[in-house]
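Numbering (our numbering), first residue to last: 200 to 460. Glycine residues also receive a C-beta, built at the ideal position from the N, C-alpha and C atoms. If you're wondering where the values come from, they're calculated on a predicted model, not measured in any experiment. Below: one structure, written as structure tokens.
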Amino acid sequence: MTIKAIETKYRGYRFRSRIEARWAVFFDAAGIKWDYEPEGYVVNDSPYLPDFFLPELGCYFEVKGHLDYDIEFFRSFAVEIGRSVVVAEGPIPDPEDWSCGDHIGLQVLHPHFDGQEGDDDDDFAWGYKDMFLRCDACGRIEIMNEVYSTMKDNCSCGEKHGRLMPLSDALAAARSARFEHGESPRGGLWSDIANQKLEASARGILIAAQRAVCAESGFPFFLPADGVCYACKADLVEKLGLILTKEPITGCPSCARSYCD
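This is how it looks when you write it as structure tokens:
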């Protein structure tokens, strides 16, 4: 008896499996551009059609709902094509119950890997799975494990206050997406998620504005753990004409309403 995954329709595409469609939902929620099965290749005399190509990240993305696959095949493809190949192992992680030490996650195979001493792939080098992380200062998305990102402590954009954070909302949107009976996989958080990329890019402007306000007031600038306070945000948003979705928090460095006074 042969068992195969049921095709799933999403955005006009017929995905070969439900988990492929869920990753497409994740990419859309995170604002990551994607091409599905863009072109076929011959790898080690075997035909191969990659699941996704992510043009902004310059890598191929292969979906594996299990850990039993030929990793050397994808390593060979990475070397021959000259681009990184990211293999998604297992189901889409639960953002509330996942760590980079789990067996599921992303395995990144780099094109420079050739078996020479000193070369290795992320999982083997660090012992942790990678995941999509977004800089909360510039909005840039990178694929990296959270242990290294914590040691690195900031994004490659150079903004010392920027932190690489998991895309928890996008993971939640992908896991909760429903495709049955013509349903569109858009949950109640979708409008917030759709603005996530705009918000992240706007944070750099907001941080600069906050720093200027604190400098004029003679207060040291300190970025709080999750953004700016409601009052400062309202003032800045009105001036900049930006749409932001984060909830108000306490402790803003840009005003005298909290620990600036």
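Item	Value
Reduced DSSP secondary structure (H/G/I, E/B, other) of Leu370	helix
Other residues of its chain near Gly257: CB distance less than 8 Å, five sequence neighbours each side excluded	Arg282, Ser283
Pair within 8 Å by beta-carbon distance, Gly264 and Gly289	yes
Environment of Arg377 [buried if 16+ CB atoms lie within 10 Å]	exposed
Candidates Glu341, Leu266, Trp222: closest to Phe251 by CA position	Trp222
Arg215 to Thr207 span [Cα, whole Å]	7 Å
For Ala371 and Arg217, the rounded distance between their alpha carbons	15 Å
Close beta carbons around Arg362, own chain, < 6 Å, minus the five adjacent residues each side	Asp335
Contacting residues, own chain, Cβ-Cβ under 6 Å from Val278 (five flanking each side not counted)	Pro310
DSSP three-state assignment for Phe378, whether helix, strand or coil	coil
Residue burial classification, Arg333 (beta-carbon count within 10 angstroms, cutoff 16)	buried
Limits of the unbroken alpha helix (DSSP H) element including Ser275	270-280
Where Ile218 falls: helix, strand or coil (DSSP)	helix
C-beta atoms of Val307 and Ile270 nearer than 8 Å	no
Proximal residues to Arg213 (C-beta, below 6 Å), its chain only, five neighbours per side dropped	Glu206
C-beta contact flag for Val262 and Ala228 at 8 Å	no
Contact check, Asp234 vs Pro254, beta carbons under 8 Å	yes
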